[in-house]
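This report refers to the structure that appears directly beneath it.
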Amino acid sequence: MLNIKNLATYYGQICALEKININVKEGEAVSVIGANGAGKSTLLKSIMGEVRPRNGTITLDGKPINNTRTYKLVGRGMTLVPEGRQVFPYLSVWDNLLLGGYTLSLKERNNMAEESSAPFPILRERKNQMAGLLSGGEQQMLAIARAMMTKPKILLLDEPSMGLSPKLVYEVYEKIDELHQNGTTILLVDQNAEMAINFCDRAYVLMAGRLVSEGTKEELMNSKVVQASYLG
Amino acid sequence: MKKMKELGYSKMGLIIGGIVLFFLPFLITNPYFIYVVNLILIYIILTLGLDLLVGYTGQVSLGHAGLFGIGAYSTALFSTKLDYSFWVTLPLATIITTMIGFVVGFIGLKLVEEYLVMATLAFGTILWLVFLNWSDLTGGPMGVSAIPAPPTIRIGSILEYGFNKYIDYYPLFVAFVLLSIFVTRLIIRSGFGRACTAIRDDELAAQAMGIPVFKTKVVMFTISSAYCGVAGALYAHFLHVVSPETFAFAMSVTILTMVMIGGQGSIIGAILGATLLTVTSEALRSTPELRMMIYGLLIILVMMFFPRGIMGLMHLFKEKFIKNKTVNTVVNSEVKKEGLRYE
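Protein sequences appear in the order of chains A and B. Residue numbering for the first sequence is 1 to 232, as defined by full-length UniProt numbering. Residue numbering for the second sequence is 1 to 343, as defined by full-length UniProt numbering.
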């Protein structure tokens with residue numbers, strides 16, 4: 001489904017990513033773990049067209065998306081939940097959801113808002129509340145529900161556990177898992193290695209812009225490098 | 001009081017404003033005051049236009065004086081050189097300003113933040129230099145004078161309404177202000193308006209929702225320019241003369257100050273900002289050298305102490321002193337308001 005080959009991204013002269021090869025198959029949940037500054041967010045930004053890679057190819061369903069603008073990727077079935085939730089704080093919860101369906105018709109938008117908020121009862125309870133007044137966990141759930149408005153084939157999540165208490169991290173991951181079980185392909189990057197590895201089918205380890213390890217959940221949980229660097 | 005709360009403070013403000021607008025000509029008889037009120041109405045249209053760009057889309061422009069000038073000069077030239085009626089020059093001026101606004105937006109909005117501000121400032125300055133130096137067309141420093149008043153409106157023998165005195169312009173300008181408010185509300189409550197708000201709050205998140213950020217910003221810049229065209233045309237026919245100094249950099253700062261002092265992303269804020277600054281400007285007419293200093297100081301003070309402008313202050317006041325609302329009621333009433341720019 002999503003294939004990244006030999007990707008290299010630079011910020012001016014600074015190399016942020018090099019020789020990145022990632023493959024996400026349909027229906028899979030794949031995690032990329034790494035410390036702060038490892039290049040996780042740059043990876044997602046490169047995929048979403050927010051940052052132009054210097055080298056390499058990115059294909060979605062076999063078609064290259066390297067030069068595709070971010071907003072057009074939504075129509076191609078790929079949506080991003082940005083780092084730090086990034087809900088629109090002065091709009092209501094419902095308006096945030098409707099914006100997620102910007103590419104849909106008005107009728108579809110309302111139907112999808114009902115559908116995508118179904119797994120998140122708290123969002124329905126607070127549909128008229130300003131999104132900025134939700135708690136961190138609720139905002140993350142809103143960001144996920146909003147991203148699901150277009151029924152993406154693949155959902156990209158940037159640090160879904162960022163700034164959340166352990167209990168909320170668990171709840172958020174539970175919801176992401178629900179989406180995965182319902183057939184959505186997931187690619188997520190997170191610093192919270194334990195949660196990210198436990199959740200996924202396969203994972204990659206990113207260190208200083210390069211992939212240093214990859215494997216299945218079990219392989220990585222038993223990997224000495226991962227245990228020493230991320231799991232303690 | 002309970003009924004007021006049910007109605008919402010925003011709607012109450014507009015209703016009170018409507019009543020004030022209706023009775024104003026009966027209360028004020030001094031022609032100078034009527035002149036100032038008419039100017040306020042023109043500036044409200046300008047401020048509403050800029051607020052759509054600054055307050056609702058998060059893009060700052062310092063070139064709107066140039067667009068205001070395009071509207072004014074277009075209508076002035078069509079009516080003095082080609083003898084076109086006001087009812088023809090007004091839409092023509094609006095179309096021309098909108099088209100130029102589209103070009104400026106298309107080029108300028110490829111830049112972001114301070115670079116956009118610099119680009120629009122440069123555009124405004126270029127236009128001002130054109131107004132000043134293209135003497136054959138614009139009349140140079142002397143400008144264009146003898147711009148005719150709108151023609152008398154005649155409906156058979158029932159109605160004959162001429163524009164001879166300042167007061168005669170008042171209903172016309174009120175009609176345009178109401179139309180501008182109506183259009184603004186329509187825009188900000190539409191899906192497009194919400195997309196603009198999303199862009200203002202977070203461009204990456206907006207793009208990730210499938211919102212074409214650049215296109216949306218250009219469309220909003222173009223719409224905002226249309227307001228300048230209308231305001232410019234009304235201004236020219238009201239004062240019967242246009243000259244370059246009106247459309248200099250200082251005017252761009254003035255309009256931006258109106259938006260910021262009133263409260264970005266609020267229709268009532270735009271009205272309050274335009275009113276307050278036009279009155280201040282007229283009060284400082286005898287000391288024009290002080291005017292820009294005071295505007296600058298006002299912007300600094302607003303940024304430091306109440307960055308959400310008068311509307312932000314009113315909101316804080318409401319939150320502090322009207323305590324019989326639960327948090328949810330406050331929130332629910334806030335989300336119904338246009339703009340939602342309050343913290």
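Glycine is no exception: its CB is placed at the ideal position from the N, C-alpha and C atoms. It should be emphasised that the depicted structure is a prediction, and the values quoted were computed from it without experimental measurement.
Positions along the segment 7-31 of chain A whose CB lies within less than 9 Å of some CB in chain B: Within the segment 7-31 of chain A, no residue has a Cβ that lies closer than 9 Å to any Cβ of chain B.
A/Arg-146 bridges to which residues according to DSSP? Answer is none; A/Arg-146 lacks a bridge partner.
Query raised in the report: What number of angstroms, rounded off, separates the C-alpha of A/Ala-193 from the C-alpha of A/Trp-94?
Result: The alpha-carbon of A/Ala-193 is positioned some 32 Å away from that of A/Trp-94.
- Item | Nearest residue (CA-CA) to A/Leu-157, options A/Ile-144, A/Leu-123, A/Gly-215, A/Val-169 | Ranking the options by Cα distance to A/Leu-157, first place goes to A/Ile-144.
**Asked** By Cβ distance below 8 Å, which residues in the same chain neighbour B/Ile-147 in space, the five residues on each side in sequence not counted?
**Response** The beta carbon of B/Ile-147 sits closer than 8 Å to the beta carbons of Thr-75, Ala-76, Ser-79, Thr-80, Ala-236, His-237, Leu-239, His-240, Val-241, Val-242 from its chain, once the five residues preceding and following it are set aside; these are given in chain order.
| query | Using CA coordinates, which residue listed in B/Thr-254, B/Ile-299, B/Ala-231 is at the minimum distance from B/Ala-93? | reply | Of the candidates B/Thr-254, B/Ile-299, B/Ala-231, the one whose C-alpha sits nearest the C-alpha of B/Ala-93 is B/Ala-231.
(Q) Would you call the segment 181-193 of chain A in contact with the segment 156-171 of chain A, where contact means no fewer than 3 C-beta pairs closer than 8 Å? (A) Because the criterion of three Cβ pairs below 8 Å is met, the segment 181-193 of chain A and the segment 156-171 of chain A touch.
Hey, how far is the Cα of A/Asn-96 from the Cα of A/Gly-132? Taking the Cα positions, A/Asn-96 is about 11 Å away from A/Gly-132.
| said: Please list, in chain order, the residues of the segment 157-172 of chain A that have any C-beta partner in chain B closer than 9 Å. | reply: Within the segment 157-172 of chain A, no residue qualifies.
inquiry  = Quick test of your reading: A/Ala-208 and A/Ala-8, contact by CB under 8 Å. State the CB separation rounded to the nearest angstrom.
reply    = The pair is not a contact, with the Cβ atoms about 13 Å apart (cut-off 8 Å).
ask   = Under a three-way DSSP split, which group does B/Glu-338 fall into?
value = Here B/Glu-338 scores only 41 on pLDDT, less than 50, and its place in the model should not be relied on; the value that follows carries that caveat. In the structure shown, the three-state DSSP call for B/Glu-338 is coil.
### Query
Do you know whose CA, among B/Met-220, B/Ala-283, B/Val-302, B/Tyr-170, lies nearest B/Asn-38's CA?
Selected option, being the one with the closest Cα: B/Tyr-170.
Let me make sure I understand the geometry here. Which of B/Ile-268, B/Tyr-227, B/Lys-217, B/Leu-21 has the alpha-carbon closest to that of B/Glu-113? Minimum Cα distance to B/Glu-113 is reached at B/Lys-217.
Practice problem: Please specify which runs of the alpha helix (DSSP H), each continuous and at least 4 residues long, are wholly inside the segment 42-106 of chain B, giving them in chain order. | Solution: Counting whole runs of 4 or more residues, the segment 42-106 of chain B contains the alpha helix (DSSP H) stretches 64-81.
Check your understanding: Who are the Cβ neighbours of A/Ser-116 in its own chain at under 6 Å, not counting the five residues just before and after it?
Key -> A distance below 6 Å between beta-carbons, with the five flanking residues on each side excluded, links A/Ser-116 to the following residues of its chain, in chain order: Ala-145, Met-148, Met-149.
ask   = Which residues in the same chain as A/Ile-14 place their Cβ atom closer than 7 Å to its Cβ, once the five residues preceding and following it in sequence are excluded?
value = Cβ within range, chain order: n/a, list empty.
Exercise for review: Using a threshold of 8 Å, state whether the C-beta atoms of residue 236 of chain A and A/Leu-206 are closer than that.
Suggested key: Outside the shown range of chain A (1 to 232) lies residue 236 of chain A, about which nothing can therefore be said.
When the distance is taken between beta carbons, is B/Gly-71 closer than 8 Å to B/Phe-221?
Not closer than 8 Å, so no.
Original post:
For chain E, is any of its Cβ atoms less than 8 Å away from the one on A/Val-74?
Top reply: This model lacks chain E altogether, as its protein chains are A and B.
Identify the contact partners of A/Leu-80 in chain B, using a Cβ-Cβ distance below 7 Å as the criterion.
-> Correct list: Ala-208.
Just to confirm, are A/Leu-104 and A/Met-112 a CB contact at a threshold of 8 Å?
With a cutoff of 8 Å on beta-carbon distance, A/Leu-104 and A/Met-112 are scored as near each other.
* Asked: So A/Arg-109 is in the alpha helix (DSSP H); what residue range does that whole segment cover?
  -> First-last of the alpha helix (DSSP H) with A/Arg-109: 106-117.
Sorry if obvious, but does the Cβ on B/Pro-25 come closer than 7 Å to a heavy atom of the ligand NAP? Ligands in the displayed structure: none, and consequently the ligand NAP is not present.
Inset, instruction - Taking all protein chains shown into account, decide if A/Glu-138 is buried (16 or more other Cβ within 10 angstroms of its Cβ) or exposed. - result: By the 10 Å Cβ count, A/Glu-138 comes out buried.
Q. CB-CB under 7 Å to B/Gly-143, same chain, minus the five flanking residues each way: which ones, in chain order?
A. Exclusion of the five residues before and after B/Gly-143 leaves Val-241, Val-242, Ser-243, Pro-244 as the residues of its chain whose Cβ lies within less than 7 Å of its Cβ.
Item checked: B/Lys-110 versus B/Leu-53 - alpha carbon distance -> Roughly 15 Å separates the two Cα atoms.
Q: With a threshold of 16 other CB atoms inside 10 Å of the CB of residue 233 of chain A, please say whether the residue is buried or exposed.
A: Nothing in the structure corresponds to residue 233 of chain A, since chain A is present only between 1 and 232.
TODO: Give, in chain order, every residue of the segment 42-63 of chain A whose Cβ lies closer than 9 Å to some Cβ of chain B.
DONE: Those would be Lys-45, Met-48, Gly-49, Glu-50, in chain order.
According to DSSP, what are the bridge partners of A/Val-32? In DSSP, A/Val-32 forms a bridge with A/Val-189, A/Tyr-204.
Exercise for review: Using the Cα positions of B/Val-330 and B/Val-183, report the straight-line distance between them to the nearest angstrom.
Suggested key: Residue placement at B/Val-330 cannot be trusted, given a pLDDT of 44 that sits under 50; what the coordinates show is reported in the next sentence. When rounded, the distance between both Cα atoms is 26 Å.
Short CB-CB distance (under 8 Å) between B/Asp-201 and chain A:
Output row for B/Asp-201: interface = yes.
Q) Mind checking if A/Gln-86 is an interface residue toward chain B, Cβ cutoff 8 Å exclusive? A) Closer than 8 Å to some Cβ of chain B, the Cβ of A/Gln-86 qualifies, so yes.
- Which ranges does the alpha helix (DSSP H) cover as unbroken runs of at least 4 residues, wholly within the segment 68-106 of chain A, from first to last along the chain? 70-75, 93-100, all fully within the segment 68-106 of chain A.
**Asked** Counting along the chain, where does the beta strand (DSSP E) carrying A/Gly-56 start and finish?
**Response** If you look at A/Gly-56, you'll find it in the beta strand (DSSP E) that goes 55-60.
- By DSSP, does A/Gly-215 sit in helix, in strand, or in coil? Reduced to three states, the DSSP call for A/Gly-215 is strand.
Exercise for the section: Please determine, among A/Leu-179, A/Ile-186, A/Tyr-10, the residue with the shortest C-alpha to C-alpha distance to A/Phe-120. Expected result: Looking at the Cα atoms, A/Leu-179 is the closest of the given residues.
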